[in-house]
Amino acid sequence: MDVLASRLILRPRERDRSLRFYRDVLGLAIAREFPGGTVFFLGQGLLEISGSGGPGPSPDQVLWVQVRDVRSEFEQLRERGVTVLAEPECKPWGLHEAWIADPDGMRIVLVEIPSDHPLRVDVRNL
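Heads up: the sequence shown begins at 1 in UniProt numbering, then just goes up one per residue.
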């Protein structure tokens, strides 16, 4: 498979409420809008909010979002009233993580990768 692009598509219960959350609370920039949908930039990926969904996301689904400073981002989001699931902490695997939820209960993990973590090591010199 030769993948050219990809995006995560969310079908919210209340589209306008989810648009406000991702645009105004998280501060994601809009990549594109079309009748019934909005696509946001999400780092190296895209997030589409379109259509309408049922009772909410599966507990098996998580939106992973890497940020530069997890504590700073987390505190700003808490001040904006987001649903907090877990405070920032360093996990045994070395990533700094905090957990929040969108209005439909979609779990979002905010991740900071420390400078000395293997994900940041330049393997070209090893």
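Glycine residues also receive a C-beta, built at the ideal position from the N, C-alpha and C atoms. Predicted model only: the values in this text are computed from it and were never measured.
Taking the Cβ atom as the reference point for each residue, do residue 103 and residue 53 lie within a distance shorter than 7 Å?
Position 103 of the sequence shown, counted from the first residue, corresponds to residue 103. Position 53 of the sequence shown, counted from the first residue, corresponds to residue 53. Result no, Cβ atoms of residue 103 and residue 53 do not sit closer than 7 Å.
Under 7 Å between C-beta atoms of residue 48 and residue 39:
To locate residue 48, count along the sequence shown from 1; it is residue 48. To locate residue 39, count along the sequence shown from 1; it is residue 39. In this structure, residue 39 lies closer than 7 Å to residue 48 by Cβ.
Kindly confirm or deny that the stretch 2-20 and the stretch 71-83 touch, where touching means at least three C-beta pairs closer than 8 Å.
no
Compare the C-alpha of residue 69 against each of 59, 122, 60, 96 and name the closest.
Counting from one through the sequence shown, the residue named residue 69 turns up at place 69. Nearest of 59, 122, 60, 96 to residue 69, Cα basis: 96.
Taking the straight line between their C-alpha atoms, what separation do you get for residue 41 and residue 57?
For the purposes of this step, residue 41 is taken as the residue at position 41 of the sequence shown. For the purposes of this step, residue 57 is taken as the residue at position 57 of the sequence shown. Straight through space, the alpha carbons of residue 57 and residue 41 are spaced by roughly 21 Å.
Could you check what DSSP says for residue 118 in three-state terms: helix, strand or coil?
For this step, residue 118 is matched to residue 118 along the sequence shown. Residue 118: helix per DSSP, three-state reduction.
Shortest alpha-carbon distance to residue 7 belongs to which of 120, 32, 55?
Residue 7 sits at position 7 when you count from the first residue of the sequence shown. The candidate whose alpha carbon is nearest that of residue 7 is 32.
In terms of residue numbering, what span does the beta strand (DSSP E) encompassing residue 32 cover?
Start at 1 with the first residue of the sequence shown, and residue 32 comes out as number 32. Counting along the chain, the beta strand (DSSP E) containing residue 32 begins and ends at 30-34.
Which residues DSSP lists as bridging residue 113, in chain order
Residue 113 sits at position 113 when you count from the first residue of the sequence shown. For residue 113, which the question treats as bridged, DSSP gives no partner whatsoever.
Along the beta strand (DSSP E) that carries residue 50, what are the first and last residues, could you check?
Counted from its first residue, the sequence shown places residue 50 at position 50. It spans 45-50 - the beta strand (DSSP E) in which residue 50 sits, taken as one unbroken run.
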